[in-house]
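>
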Amino acid sequence: MLKETRTTRLVKSQDLNHHGTLFAGRMSEWLVETCFLAAARFLGNPKDLVCVKIHGLTFVKPAFPGDTIELVAVPARAGTKSLTVGTEVFINDEAVPTVRGFATFVTVDEVGASYAHGLVLPPAWVDAHRLLCDEAERLQGKRGS
495 MLKETRTTRL VKSQDLNHHG TLFAGRMSEW LVETCFLAAA RFLGNPKDLV
545 CVKIHGLTFV KPAFPGDTIE LVAVPARAGT KSLTVGTEVF INDEAVPTVR
595 GFATFVTVDE VGASYAHGLV LPPAWVDAHR LLCDEAERLQ GKRGS
């Protein structure tokens, strides 16, 4: 199913780094998990997905204890055997994302061999998510994977 996937998190003390702000590793974990959920919805078979790359992760400002984090993930590129999902992260319902990043997954069969998934992003979807789709193409390149 092709649709946005949203995850909401509360920044707690165990999520903080030595500066008292959200640890980048924790945000990365949340981002990859949300990307996986979006890719699994699109593919329809989560057991066939393996994350092969996290890329383009950019932090604009920190999050603090008690902040709410909303991650909005969308399929942004469909290669032959890969799916790249882009995610924008919003702190406390702000209108502008404070983190943006991508995770790429490859479809694999029961013995771990990659296979062509046959998925395509419709042009209307790409138009509606132009920024993330264009960035996914730029980051991934057109290798046909």
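So in my numbering, spot 88 of the sequence shown is number 582, and the numbers just go up one at a time.
All C-beta atoms, glycine included, are put in the ideal place defined by N, C-alpha and C.
Between the C-alpha atoms of serine 639 and threonine 578, what's the straight-line distance to the nearest angstrom?
Confidence in serine 639 is poor, its pLDDT being 49 and thus under 50, which makes the residue's placement unreliable; the coordinate value appears in the next sentence. Near 10 Å, if we compare the C-alpha coordinates of threonine 578 and serine 639.
> Taking the alpha carbon of serine 608 as the point to measure from, which residue in Leu615, Val600 and Val614 has its own alpha carbon closest?
Comparing Cα positions, the closest option is Val600.
> Using the Cβ count rule (16 or more neighbours within 10 Å means buried), how would you classify glycine 606?
Glycine 606 should be labelled exposed.
> CA-CA distance, arginine 503 and aspartate 509?
Near 11 Å, if we compare the C-alpha coordinates of aspartate 509 and arginine 503.
> With a Cβ-Cβ cutoff of 8 Å, do valine 593 and arginine 500 count as a contact?
No, they are not a contact pair.
> Between the Cα of aspartate 587 and the Cα atoms of Glu564, Gly580, Arg571 and Pro569, which residue gives the shortest distance?
For the residues Glu564, Gly580, Arg571 and Pro569, the minimum Cα distance to aspartate 587 belongs to Glu564.
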